[in-house]
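**Q**
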Amino acid sequence: MRIEQSPEFQIHLQNLKNKDPLFLETIYNVGNGHIGVRDSNPLQGNNLDYIGSPGLFINGFFDYNEVSYGEKYRGYPDNDQVINRLFDPRFIRIKVDNEDSAVDHFRVENIDKNLDMQTGLVHELFSVTTPENRNFNLVVESFASLSKQNVYGVKYSIIPTNFEGDIELIKVHDYVNQATHAQADDVRVNQDVGQMQLDFLPDNGQPSYLVTTFRSQQGVILTFQAGTPTDSNPAIDYFEDANRHYGYRSQYHAKPGSQKEFEFLFSIGNIHPLVNARMYADQYLASLDNFIRNTTFNAELMASAQVWQTFWLHSDVKIDGDPVIQSCIRFNLFELNQSAGRDEFTSIPAKGLTGNGYGGQFFWDTEIFMLPFFVYTEPAIAKKLLMFRYHTLQMAKEQASDFGLAKGAMYPWRTINGFESSSYWLAGMAQFHINADIAFAVEQYYTITNDEDFLKNYGFEIILETARFWMQYGNFAEIDGERHFVINRVTGPDEYSALVNNNYYTNVMAQFNLRLAVKYAKLFNDTDISIQLNVTAEELEDMQEAADLMYLPYDQKRNVKLQFQNFEQLPRMDIDAIDQSMFPLLLHFHPLMLYRAQVNKQADTIMVDYMFPQGNTKEQLKADYDFYEPITTHDSSLSKAIYSIVAARIDRDQQAYDFFSQAVKTDLIDLHHNTKNGIHAGSLGAAWSGIVYGFAGIVNNADHFSLEPHLPDAWNCLKFKLQLHHNELLFTIYQDQVEVELMSGKGLTLSIYDKKVKVSSEAPQKICKY
Ligand code: BGC
1 MRIEQSPEFQ IHLQNLKNKD PLFLETIYNV GNGHIGVRDS NPLQGNNLDY IGSPGLFING
61 FFDYNEVSYG EKYRGYPDND QVINRLFDPR FIRIKVDNED SAVDHFRVEN IDKNLDMQTG
121 LVHELFSVTT PENRNFNLVV ESFASLSKQN VYGVKYSIIP TNFEGDIELI KVHDYVNQAT
181 HAQADDVRVN QDVGQMQLDF LPDNGQPSYL VTTFRSQQGV ILTFQAGTPT DSNPAIDYFE
241 DANRHYGYRS QYHAKPGSQK EFEFLFSIGN IHPLVNARMY ADQYLASLDN FIRNTTFNAE
301 LMASAQVWQT FWLHSDVKID GDPVIQSCIR FNLFELNQSA GRDEFTSIPA KGLTGNGYGG
361 QFFWDTEIFM LPFFVYTEPA IAKKLLMFRY HTLQMAKEQA SDFGLAKGAM YPWRTINGFE
421 SSSYWLAGMA QFHINADIAF AVEQYYTITN DEDFLKNYGF EIILETARFW MQYGNFAEID
481 GERHFVINRV TGPDEYSALV NNNYYTNVMA QFNLRLAVKY AKLFNDTDIS IQLNVTAEEL
541 EDMQEAADLM YLPYDQKRNV KLQFQNFEQL PRMDIDAIDQ SMFPLLLHFH PLMLYRAQVN
601 KQADTIMVDY MFPQGNTKEQ LKADYDFYEP ITTHDSSLSK AIYSIVAARI DRDQQAYDFF
661 SQAVKTDLID LHHNTKNGIH AGSLGAAWSG IVYGFAGIVN NADHFSLEPH LPDAWNCLKF
721 KLQLHHNELL FTIYQDQVEV ELMSGKGLTL SIYDKKVKVS SEAPQKICKY
């Protein structure tokens, strides 16, 4: 089979020899929201001689890591959740005459790697040399299926270049904890917990395993099948040996230049609680026909490629005039789609499924930085991501109660299973804004999709319970003789300050959250849902009052929003005077030395200017930008895209472009020097927002959308599609003109350059700037 390759959709990095193999492992990962596989050296396996951090990650499959505290107080999490690293399905053992890759050190050179984002296929060429100088080319092709999310495929072709001899190919995965090269000393990197057990499930005619975790008590079934694409290849057979090794083997005599191919399809089951994992194992193995029996590598690749085609049809962003940015944005969208959980019980880990950085946990990154892309282009996935929060609402309520609050829900700052996993609570659990972030995301999903069923049956409850949290944690107080609602002792998004009073972002978000609760409680007044949730008129009045009296600290002298109360009293840190080697500051400074100063890790107050553009004059946005930009280090990859959006809104075109282009390249140029630990999924999502909210200037006013584009000078044209209120619209934006075409739906009215435009199926609309 041949797959047409469009050059525009290839990630074909050059000069591989000089690139960090760990970086390449991340960049060329394949995944599908359920699984992710790092692009390892395939002969590495569990051999610690080799450098690498290979392995398979299953979204939501984790174990606990006991946290030890010097002093442990009430409510501190006992355990940290860390995603498990399973064996590397790319691993292959090759024997050449008397030499064995599992024992001898074969030299493996990366000659070529290509990711075709249209099909999701990674195609690689390695040159392998044995200690006795036998050389062969090894071609590896791999993909994670988007059409059957349990399926991963890998195919090997072996071509001897300088010898004739006996080759044996052995594919066995009988270890469970994938060994990796030790990680650097970086607080953002998790060590593998590695407490899994692997049991063989006998009598299936193919190697099948039940992998279970000790502490979290989860089970997953993995199995794989072997084949050859044509009969001209040597046979590959299942074997079991006396040492309980189960796998496949092929032995043949090879001549120089001869090419033999072997393919494997893995089926990686869903996660089950250990109590019923064995029962589920039987059912799962019996139903394998649906997954990998009676099919081939190519058939599954084609089926998956078709789903990728559909993805690009709706989600592609085309930029004419800036080829580097074009590739980067496509890579970002590709990775986002590879990372998003789609089963309602998982979300998007901060590093996607490409590494165990941040423990494979979910943060606000999903709702605030990645969800917009899905809401506007793949609303069905957006809904599933929000359903994860609905399914974990009960735990968030338990957490609020354990914390000592009488009512409401407290979503965890970082989690896999719905419970809090941040042991450094100052920059973790105290980021209560996560509650309002989730409510904001629910509202965003609802206003863009009009999915009333979701709002009524799931979204409203999230909004109400998170709003209840603010009423419990905040309080009414007098400031300068006036009554206000205050929220003290919180950490805002900027992790270079902690436990502050009245963080501007948190308070604005809480205010929004409270207003939403009141709005929808009134809408659902006297319906089953509001009765079931015990909403009372008195409660709503309190919420309304708290929202109306919310304290928002403001510096009248400088006319800027204050990041938190008394922020103006802190000394300003001169970040330009700090040596480059000291960044990110979090790795080099005691946290208190950062907390005591005006210095930002990431956009904080500027998040408000991004998320609530309405009601701000350009002067206000400029004043805020000029105040915060010089003290922001952007040590978090979530920062630059946001600054780019606000810069675009205040006509700082060059800064908008510079920030955006760094954000969009975050992983491909390894901006933060840690892509080796996994992609920066939030930053990838934020870059999409940079295009849509920044350069295209989209504003969602709840029931009306407006566009105020200003393209970077280098861009001749920008094209993308959005789904708004059941319509799909194609936007083609030129420097001074916008075209909008209705691709499906009944049409709607938008504002473009302040002109009201009715988009219908009749003809595309053209709107000129002047
Ligand atoms: C950022 C957080 C973010 C987390 C995970 C941290 O460095 O400060 O805002 O949620 O990374 O991406």
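According to UniProt numbering, the stretch in the sequence shown is residues 1 to 770, in order. In this text, a Cβ means the ideal position worked out from N, Cα and C, and glycines have one as well.
Determine the direct distance from the alpha carbon of Leu729 to that of Asp765, and round the result to whole angstroms.
**A** Counted from its first residue, the sequence shown places residue 765 at position 765. Counted from its first residue, the sequence shown places residue 729 at position 729. According to the sequence as given, residue 765 is Gln; it is not Asp. When rounded, the distance between both Cα atoms is 11 Å.
**Q** Below 8 Å on the Cβ atoms is my contact criterion, and I expect Gly418 with Thr392 to pass it. Report the Cβ-Cβ distance as a whole number of Å.
**A** Translated into the one-based positions of the sequence shown, residue 418 becomes position 418. Translated into the one-based positions of the sequence shown, residue 392 becomes position 392. Rounded, the Cβ-Cβ distance is 3 Å, consistent with contact.
**Q** Between Ser216 and the rest of its own chain, which residues show a CB-CB distance below 7 Å, the 5 nearest in sequence each way excluded?
**A** Working through the sequence shown from its first residue, we reach residue 216 at position 216. The answer, listed in chain order, is Phe62, Asp63 and Tyr64.
**Q** The alpha helix (DSSP H) spanning Gln326 covers which residue range?
**A** Taking the first residue of the sequence shown as position 1, residue 326 is located at position 326. Counting along the chain, the alpha helix (DSSP H) containing Gln326 begins and ends at Pro323 to Ser339.
**Q** Which value, in whole angstroms, describes the spacing of the CA atoms of Ile650 and Ala597?
**A** As a working mapping, residue 650 is identified with position 650 in the sequence shown. As a working mapping, residue 597 is identified with position 597 in the sequence shown. Going from the Cα of Ile650 to the Cα of Ala597 covers about 27 Å.
**Q** Can Trp425 be considered in contact with the ligand PLP, in the sense that its beta carbon sits closer than 7 Å to one or more heavy atoms?
**A** Inclusion of the ligand PLP in the displayed structure is not the case, the ligand content consisting of the ligand BGC alone.
**Q** Report buried or exposed for His105, applying the criterion of at least 16 other Cβ atoms within 10 angstroms of its Cβ.
**A** Locating residue 105 in the sequence shown gives position 105, counting from the first residue. Exposure of His105 is indicated by the presence of fewer than 16 other C-beta atoms within 10 angstroms of its C-beta.
**Q** Can you tell me whether Lys601 is buried or exposed? The criterion is at least 16 other CB atoms within 10 Å of its CB, across all chains shown.
**A** On the sequence shown, position 601 is the one that residue 601 refers to. By the 10 Å Cβ count, Lys601 comes out buried.
**Q** Within 7 Å: the Cβ of Leu671 and any heavy atom of the ligand BGC?
**A** On the sequence shown, residue 671 is found 671 positions in, with the first residue counted as 1. Not so, every heavy atom of the ligand BGC lies at least 7 Å from the Cβ.
**Q** Could you check if Gln563 belongs to the surroundings of the ligand BGC, using beta carbon to heavy atom distance under 7 Å?
**A** Position 563 of the sequence shown, counted from the start, is the residue given in the question as residue 563. For the ligand BGC, not one heavy atom lies less than 7 Å from the Cβ of Gln563.
**Q** May I ask which residues mark the beginning and end of the beta strand (DSSP E) holding Val82?
**A** For the purposes of this step, residue 82 is taken as the residue at position 82 of the sequence shown. Looking at the DSSP string, the run of the beta strand (DSSP E) that includes Val82 is Asn79 to Ile83.
**Q** Can you list, in chain order, the residues of its chain whose CB lies under 8 Å from that of Gly205, leaving out five sequence neighbours each side?
**A** Here residue 205 refers to the residue found at position 205 of the sequence shown. Closer than 8 Å at Cβ, skipping near neighbours: Tyr238.
**Q** Answer yes or no: the CB of Leu638 versus the heavy atoms of the ligand BGC, is any distance below 7 Å?
**A** Residue numbering aside, residue 638 sits at position 638 when the sequence shown is read from its first letter. The answer is yes for Leu638.
**Q** According to the Cβ coordinates, are Lys383 and Tyr445 closer than 8 Å?
**A** For the purposes of this step, residue 383 is identified with residue 383 of the sequence shown, where counting begins at 1. For the purposes of this step, residue 445 is identified with residue 445 of the sequence shown, where counting begins at 1. Yes, the pair counts as a contact, with Cβ atoms nearer than the cut-off.
**Q** Can you list, in chain order, the residues of its chain with a C-beta nearer than 7 Å to that of Ile434? Leave out the 5 residues immediately preceding and following it.
**A** Here residue 434 refers to the residue found at position 434 of the sequence shown. Closer than 7 Å at Cβ, skipping near neighbours: Trp364, Tyr411 and Trp413.
**Q** Hey, how far is the Cα of Asn720 from the Cα of Asn356?
**A** If you number the sequence shown from 1, residue 720 lands on position 720. If you number the sequence shown from 1, residue 356 lands on position 356. Looking at the sequence provided, one finds Phe at residue 720 rather than Asn. Those two C-alpha atoms are separated by around 32 Å.
**Q** For a test of your reading of the model: does the CB of Trp308 fall under 7 Å from any non-hydrogen atom of the ligand BGC? Yes or no.
**A** The residue labelled residue 308 in the question sits at position 308 within the sequence shown. Outside the cutoff, so no.
**Q** Starting from Glu300, follow the alpha helix (DSSP H) in both directions and report where the run begins and ends.
**A** The residue given as residue 300 occupies position 300 in the sequence shown. Residues Phe297 to Ser315.
**Q** I'd like the ranges of any alpha helix (DSSP H) spanning at least 4 consecutive residues and lying wholly in the region 627-665.
**A** DSSP runs (the alpha helix (DSSP H)) wholly in the region 627-665: 640-649 and 653-664.
**Q** Rounded C-beta distance between Asn32 and Asp39? I'm assuming under 8 Å.
**A** By one-based count along the sequence shown, residue 32 stands at place 32. By one-based count along the sequence shown, residue 39 stands at place 39. About 15 Å; that fails the 8 Å criterion.
**Q** With a threshold of 16 other CB atoms inside 10 Å of the CB of Ile767, please say whether the residue is buried or exposed.
**A** Residue numbering aside, residue 767 sits at position 767 when the sequence shown is read from its first letter. Its Cβ being crowded by 16 or more others within 10 Å, Ile767 is buried.
**Q** Would you say Ile268 and Tyr152 are within 8 Å of each other, going by their C-beta atoms?
**A** Against the sequence shown, residue 268 aligns to sequence position 268. Against the sequence shown, residue 152 aligns to sequence position 152. Cβ distance < 8 Å, so Ile268 and Tyr152 count as in contact.
**Q** Determine the extent of the beta strand (DSSP E) in which Pro160 is found, giving its start and end residues.
**A** Counted from its first residue, the sequence shown places residue 160 at position 160. Where Pro160 is concerned, the enclosing beta strand (DSSP E) stretches over Val151 to Pro160.
**Q** Quick one, which of Tyr50, Ser68 and Tyr73 has its alpha-carbon nearest Thr180's?
**A** What you label residue 180 is simply residue 180 of the sequence shown in a count that begins at 1. It is Tyr50.
**Q** Would you check if the distance between the CB atom of Tyr252 and the CB atom of Lys260 is smaller than 8 Å?
**A** Position 252 of the sequence shown holds residue 252. Position 260 of the sequence shown holds residue 260. In contact: Tyr252 and Lys260 (Cβ atoms closer than 8 Å).
**Q** When every heavy atom of the ligand BGC is checked, does at least one fall within less than 7 Å of the C-beta of Tyr358?
**A** Working through the sequence shown from its first residue, we reach residue 358 at position 358. For the ligand BGC, at least one heavy atom lies less than 7 Å from the Cβ of Tyr358.
**Q** Apart from the five residues just before and just after His672, which ones in its own chain have a Cβ nearer than 6 Å to its Cβ?
**A** Counted from its first residue, the sequence shown places residue 672 at position 672. Answer for His672: Ser637, listed in chain order.
**Q** Is it right to say Val759 is buried, meaning 16 or more other beta carbons lie within 10 angstroms of its own, or is it exposed?
**A** Mapped onto the sequence shown, residue 759 falls at position 759. Buried, since its Cβ has 16 or more Cβ neighbours within 10 Å.
**Q** How should Met743 be labelled, buried or exposed, when 16 other C-beta atoms within 10 angstroms of its C-beta is the threshold for buried?
**A** If you number the sequence shown from 1, residue 743 lands on position 743. Result: exposed.
**Q** Going by the beta-carbon positions, is the gap between Ile487 and Thr506 smaller than 8 Å?
**A** Position 487 of the sequence shown, counted from the first residue, corresponds to residue 487. Position 506 of the sequence shown, counted from the first residue, corresponds to residue 506. Yes, these two residues count as a Cβ contact at 8 Å.
**Q** Put Leu121 into one of helix, strand or coil per three-state DSSP.
**A** Here residue 121 corresponds to residue number 121 of the sequence shown, with the count starting at 1. If DSSP states are grouped into helix, strand and coil, Leu121 belongs with the strands.
**Q** Can you tell me which of the three DSSP states Phe731 falls into?
**A** The sequence position of residue 731 within the sequence shown is 731, counting from 1. In the structure shown, Phe731 falls within a strand segment according to DSSP collapsed to helix, strand and coil.
**Q** Provide the residue(s) that pair with Ser142 in DSSP beta bridges, ordered along the chain.
**A** Walking along the sequence shown from the start, residue 142 turns up at place 142. DSSP lists Val122 and Val154 as partners of Ser142.
**Q** For Ile434, report the span of its alpha helix (DSSP H) as first-last.
**A** One-based indexing of the sequence shown puts residue 434 at position 434. Here the alpha helix (DSSP H) through Ile434 covers His433 to Thr449.
**Q** Whose CA, out of Asn513, Ala537 and Lys522, lies closest to the CA of Asp548?
**A** Stepping through the sequence shown from its first residue, residue 548 is reached at position 548. Among Asn513, Ala537 and Lys522, the Cα nearest to that of Asp548 belongs to Asn513.
**Q** Could you have a look at Ala477 and say whether DSSP puts it in helix, strand or coil?
**A** Counted from its first residue, the sequence shown places residue 477 at position 477. In the structure shown, Ala477 sits in a strand (DSSP, three-state: E or B).
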